[in-house]
Amino acid sequence: MATDTLTSKPGAQGGATGGLRRLLLDNGALTALIVLVIAMSALSGDFLTADNLLNVGVQAAVTAILAFGVTFVIVSAGIDLSVGSVAALSATVLAWSATEAGVPVALAVLLAVATGIVCGLVNGFLVSYGKLPPFIATLAMLSVARGLSLVISQGSPIAFPDSVSHLGDTLGGWLPVPVLVMVVMGLLTAFVLGRTYIGRSMYAIGGNEEAARLSGLRVKKQKLAIYAFSGLFAAAAGIVLASRLASAQPQAAQGYELDAIAAVVIGGASLAGGTGKASGTLIGALILAVLRNGLNLLSVSAFWQQVVIGVVIALAVLFDTLRRKAGATTPAAGASGGGNRGRQALTYVIAAVVAVAVVGATSLLHNGSSAGARPKIGLSLSTLNNPFFVQIRDGAEEEAKKLGVDLTVTDAQNDASQQANQLQNFTSGSLSAVVVNPVDSDAAGPSVRGANQAGIPVIAVDRGVNNADTSALVASDNVEGGALGAKALAEKLGGKGTIVILQGQAGTSASRERGAGFAEGLKAYPGIKVVAKQPADFDRTKGLDVMTNLLQAHPDIDGVFAENDEMALGAIKALGSKAGTSVQVVGFDGTPDGLKAVRAGTLYASVAQQPSELGRIAVRNALRAAEDEKVEKMVKVPVKVVTKENVAGFEG
Numbered sequence: 007m008a009t010d011t012l013t014s015k016p017g018a019q020g021g022a023t024g025g026l027r028r029l030l031l032d033n034g035a036l037t038a039l040i041v042l043v044i045a046m047s048a049l050s051g052d053f054l055t056a057d058n059l060l061n062v063g064v065q066a067a068v069t070a071i072l073a074f075g076v077t078f079v080i081v082s083a084g085i086d087l088s089v090g091s092v093a094a095l096s097a098t099v100l101a102w103s104a105t106e107a108g109v110p111v112a113l114a115v116l117l118a119v120a121t122g123i124v125c126g127l128v129n130g131f132l133v134s135y136g137k138l139p140p141f142i143a144t145l146a147m148l149s150v151a152r153g154l155s156l157v158i159s160q161g162s163p164i165a166f167p168d169s170v171s172h173l174g175d176t177l178g179g180w181l182p183v184p185v186l187v188m189v190v191m192g193l194l195t196a197f198v199l200g201r202t203y204i205g206r207s208m209y210a211i212g213g214n215e216e217a218a219r220l221s222g223l224r225v226k227k228q229k230l231a232i233y234a235f236s237g238l239f240a241a242a243a244g245i246v247l248a249s250r251l252a253s254a255q256p257q258a259a260q261g262y263e264l265d266a267i268a269a270v271v272i273g274g275a276s277l278a279g280g281t282g283k284a285s286g287t288l289i290g291a292l293i294l295a296v297l298r299n300g301l302n303l304l305s306v307s308a309f310w311q312q313v314v315i316g317v318v319i320a321l322a323v324l325f326d327t328l329r330r331k332a333g334a335t336t337p338a339a340g341a342s343g344g345g346n347r348g349r350q351a352l353t354y355v356i357a358a359v360v361a362v363a364v365v366g367a368t369s370l371l372h373n374g375s376s377a378g379a380r381p382k383i384g385l386s387l388s389t390l391n392n393p394f395f396v397q398i399r400d401g402a403e404e405e406a407k408k409l410g411v412d413l414t415v416t417d418a419q420n421d422a423s424q425q426a427n428q429l430q431n432f433t434s435g436s437l438s439a440v441v442v443n444p445v446d447s448d449a450a451g452p453s454v455r456g457a458n459q460a461g462i463p464v465i466a467v468d469r470g471v472n473n474a475d476t477s478a479l480v481a482s483d484n485v486e487g488g489a490l491g492a493k494a495l496a497e498k499l500g501g502k503g504t505i506v507i508l509q510g511q512a513g514t515s516a517s518r519e520r521g522a523g524f525a526e527g528l529k530a531y532p533g534i535k536v537v538a539k540q541p542a543d544f545d546r547t548k549g550l551d552v553m554t555n556l557l558q559a560h561p562d563i564d565g566v567f568a569e570n571d572e573m574a575l576g577a578i579k580a581l582g583s584k585a586g587t588s589v590q591v592v593g594f595d596g597t598p599d600g601l602k603a604v605r606a607g608t609l610y611a612s613v614a615q616q617p618s619e620l621g622r623i624a625v626r627n628a629l630r631a632a633e634d635e636k637v638e639k640m641v642k643v644p645v646k647v648v649t650k651e652n653v654a655g656f657e658g
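If you read the sequence shown in this note's numbering, its first letter stands for residue 7, the second for the next number, and so on.
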């Protein structure tokens, strides 16, 4: 079969030892998956539940579908870095077409699929006829597709049509539709690779492109088709992802191209081309999903999770190298016969039986282990790459320690889909309550509804959750804070002057709400003119770069409003001696570094939200909800404009 991985040379080893060695060499990814499942089952009593295993399948689905498309490219010795952005663009086209443009849903789906295929064809054209290296061509498409997604959506999520959102639901109340889509796309991949002319061409091109050309293959046209396949699968993945989140997120699937490539490589494909198979790619995606799921359940730090996954990818490539040095050879495309396929099927059956037996035995270790355990609360933060949310975590951990609560903290890295996975993992675990700081209020809804169905109380912190039931919202008002920021800056400027606005990450509710509040507050000061608005993604370095660029076009501005302190601090660096003298800067959040700048006079004011207090109150209310005590639906933490006059004694 053309999709078989490497097989050991005959005669290299004899007897049972040689057979076992060949089995492990030829099925390294499968062996790793079995070991991983057994280990997670032994370490966590929550891993083996039916709900959690289905969660693993759902969480693997998008990565696997993307990876199936990337498999075609890698088998032919190419690379596709654009699939994550193409997925987001395709979903955005579907949502925009069906809602804003009023296109029938069926036609909108076709437009989304066509968008993915066109992006793939452009990649293929640049590689085949433009002679660009695949890395460069697809890197360019990564940027173009992401930019178009933001342009179409104006940086805000777009609600997904209900008829398509059912792709994120379950059949019969238990079987997730994303898993079914993943299986169908996997079977299609296996069929294309093993049973079609273009599949055999992929292996030939990956093995030796020049030899393939001399043999009569139309390599350029084949590459067009290969990259078109990748774009098609990316579109399918984008639709499934957006269906899970009930909205098309313009920033969705960031970094997923790396997960897709990792899944293909872990599954036994070579980046040099010529080898790879659909089943191996599926196993690679499952390994990544099991790792993330299990590490969540084991309360492993979000930062260490990235380290572990990186090590696994490195080991997979190392294993591939060792396998080749051990004397493995690659069968020609289509060369493996029924005997090999039969042995491979038998291998999978034996592996499944062994896994079920060992996993069943390890599950006995956890019977009754939950008796008398301390309350467990999960905290899902939108990001830990921002001092404000770090302070929320610190406050939450301080309160959890005080109350005798086990607190598991996860970092969604501003990825709504990753947060959905984390919330599903929390729902599968034996948690008393969940605290969520949503990346996006709409996208968190489906996962929170899952927690509602499981009877787990959910507390929202800083941002609310739409279309789901939360026991309480612990927050300050971002809209009110934006209005207070406008008032503070306008009054400092005497009601007239020119200003620029540094916006947060496109698509986040915090950026939208703070920007809307600032715009509303500024209406009372017609003498203030906004000359520029640019996103700097809540990041200090980007704030520095964007402010530096804006000063070239607007050197005589009088003020800056930044939607968080990090961007404000970057703007202050760009302004130099102008900050706090001829140019007044107002930030948001009241972070330690922001308050330090307020004391120094370079930052005129920060709209402080007291993030540590948000974390403390959220954990306190989560425990009350878990114990069926009465909890206020809305818990407001006062917003305060902090300036040099009142910064002394202020605590966040």
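Beta carbons: idealized from backbone N, C-alpha and C, even for Gly.
With a threshold of 16 other CB atoms inside 10 Å of the CB of residue i, please say whether the residue is buried or exposed.
{"i": "G374", "result": "Note on G374: pLDDT 47, under 50, position unreliable in the model; the coordinate value appears next. Label assigned to G374: exposed."}
{"i": "M640", "result": "exposed"}
{"i": "S149", "result": "exposed"}
{"i": "R224", "result": "exposed"}
{"i": "Q312", "result": "exposed"}
{"i": "K502", "result": "exposed"}
{"i": "A606", "result": "exposed"}
{"i": "Y262", "result": "buried"}
{"i": "N616", "result": "Position check: residue 616 holds Gln in this sequence, whereas Asn was assumed. Looking at its Cβ environment, which holds 16 or more other Cβ atoms inside 10 Å, Q616 is buried."}
{"i": "A218", "result": "buried"}
{"i": "F141", "result": "exposed"}
{"i": "A339", "result": "With a pLDDT of 44 at A339, under the threshold of 50, the modelled position of this residue cannot be trusted; read the value that follows with caution. By the neighbour-count rule (16 or more Cβ atoms within 10 Å), A339 is buried."}
{"i": "A243", "result": "buried"}
{"i": "D564", "result": "buried"}
{"i": "Y203", "result": "exposed"}
{"i": "P644", "result": "exposed"}
Cβ of residue i within 8 Å of Cβ of residue j?
{"i": "D746", "j": "S434", "result": "As displayed, the chain neither begins before 7 nor continues past 658, which places residue 746 out of reach and without an answer."}
{"i": "G659", "j": "S447", "result": "This structure cannot speak to residue 659, because the chain is shown only from 7 to 658."}
{"i": "N4", "j": "S388", "result": "Not covered by the structure: residue 4. The range shown for the chain is 7 to 658."}
{"i": "R298", "j": "A426", "result": "no"}
{"i": "R546", "j": "F594", "result": "no"}
{"i": "V81", "j": "G279", "result": "yes"}
{"i": "L49", "j": "L304", "result": "yes"}
{"i": "D175", "j": "V183", "result": "yes"}
{"i": "M188", "j": "A112", "result": "no"}
{"i": "A481", "j": "V637", "result": "no"}
{"i": "E381", "j": "A632", "result": "In the sequence under discussion, the amino acid at residue 381 is Pro, which differs from the Glu named in the question. Yes. Within cutoff."}
Report all residues from its chain with a CB closer than 7 Å to the CB of residue i; omit the five preceding and five following residues, and keep chain order.
{"i": "Y610", "result": "K498, G586, Q590, V591, V592, T649"}
{"i": "V647", "result": "L490, A494, A611, V613"}
{"i": "E526", "result": "A489"}
{"i": "N484", "result": "A516, E519, R520, G523"}
{"i": "V552", "result": "L508, Q540, A542"}
Please work out which residues of its chain come closer than 8 Å, Cβ to Cβ, to residue i, disregarding the five sequence neighbours upstream and downstream, and give them in chain order.
{"i": "R626", "result": "E405, L409"}
{"i": "H560", "result": "T504, V506, V537, A538"}
{"i": "F656", "result": "G596, L601, A614, K646, V648"}
{"i": "S423", "result": "V68, L247, R250, L251, Q255, A258, A259, A449"}
{"i": "E403", "result": "L413, V415, G621"}
{"i": "V62", "result": "L292, A295, V296, N299"}
{"i": "K229", "result": "S82, G84, G130, V133, S134, I211"}
{"i": "K535", "result": "G503, T504, I505"}
To which residues of the same chain is residue i closer than 6 Å at the C-beta, ignoring the five residues directly before and after it?
{"i": "N458", "result": "D475"}
{"i": "N129", "result": "A143, T144, M147, Y233"}
{"i": "A377", "result": "Confidence is the limiting factor: at A377 the pLDDT is only 45, short of 50, which leaves the residue's position unreliable and the question unanswerable from this model."}
{"i": "G122", "result": "V92, S96, G237, L238, A240, A241"}
{"i": "F432", "result": "G384, V440"}
{"i": "E651", "result": "none"}
Is there a Cβ of chain B sitting closer than 8 Å to that of residue i, yes or no?
{"i": "L95", "result": "The displayed structure is made up of one protein chain only, and chain B is not part of it."}
key: Three CB pairs or more closer than 8 Å across the segment 149 to 161 and the segment 509 to 517   = Segments in contact, yes.
ask   = Contact between the segment 196 to 208 and the segment 276 to 284: three or more CB pairs below 8 Å?
value = Cβ pair count under 8 Å is three or more, so yes.
query = For the segment 556 to 633, which segments carrying the alpha helix (DSSP H) assignment without a break, of at least 4 residues, lie completely within its bounds, in sequence order?
reply = Whole alpha helix (DSSP H) segments, 4+ residues: 571 to 581, 598 to 606, 617 to 632.
ask   = Is there contact here, the segment 314 to 321 with the segment 80 to 94, by at least three beta-carbon pairs under 8 Å?
value = Touching, no.
task = Could you tell me whether the segment 264 to 271 touches the segment 285 to 301, where touching means 3 or more Cβ pairs closer than 8 Å?
result = The segment 264 to 271 vs the segment 285 to 301: in contact.
ask   = Using 8 Å as the threshold, is the segment 101 to 113 in touch with the segment 244 to 263, meaning 3 or more CB pairs across them?
value = Here the segment 101 to 113 lies against the segment 244 to 263, with 3 or more beta-carbon pairs under 8 Å apart.
message = With three or more beta-carbon pairs closer than 8 Å as the criterion, would you say the segment 69 to 84 touches the segment 233 to 249?
response = Counting C-beta pairs with one atom in each stretch, the segment 69 to 84 and the segment 233 to 249 have three or more that are closer than 8 Å, which means they touch.
request  = Enumerate, from N- to C-terminal direction, the unbroken alpha helix (DSSP H) stretches of 4 or more residues contained entirely within the segment 369 to 446.
outcome  = Those alpha helix (DSSP H) runs which fall completely within the segment 369 to 446 and span 4+ residues are 393 to 409, 422 to 434.
request  = Starting from the N-terminal side, write out each stretch of the beta strand (DSSP E) that is 3 residues or longer and does not extend beyond the segment 108 to 138.
outcome  = Those beta strand (DSSP E) runs which fall completely within the segment 108 to 138 and span 3+ residues do not exist here.
task = Could you name each continuous alpha helix (DSSP H) segment of 4 residues or more that falls completely within the segment 199 to 257, going from the start of the chain to the end?
result = Along the segment 199 to 257, the alpha helix (DSSP H) occurs as fully enclosed runs of 4 or more residues at 203 to 213, 215 to 220, 225 to 251, listed in sequence order.
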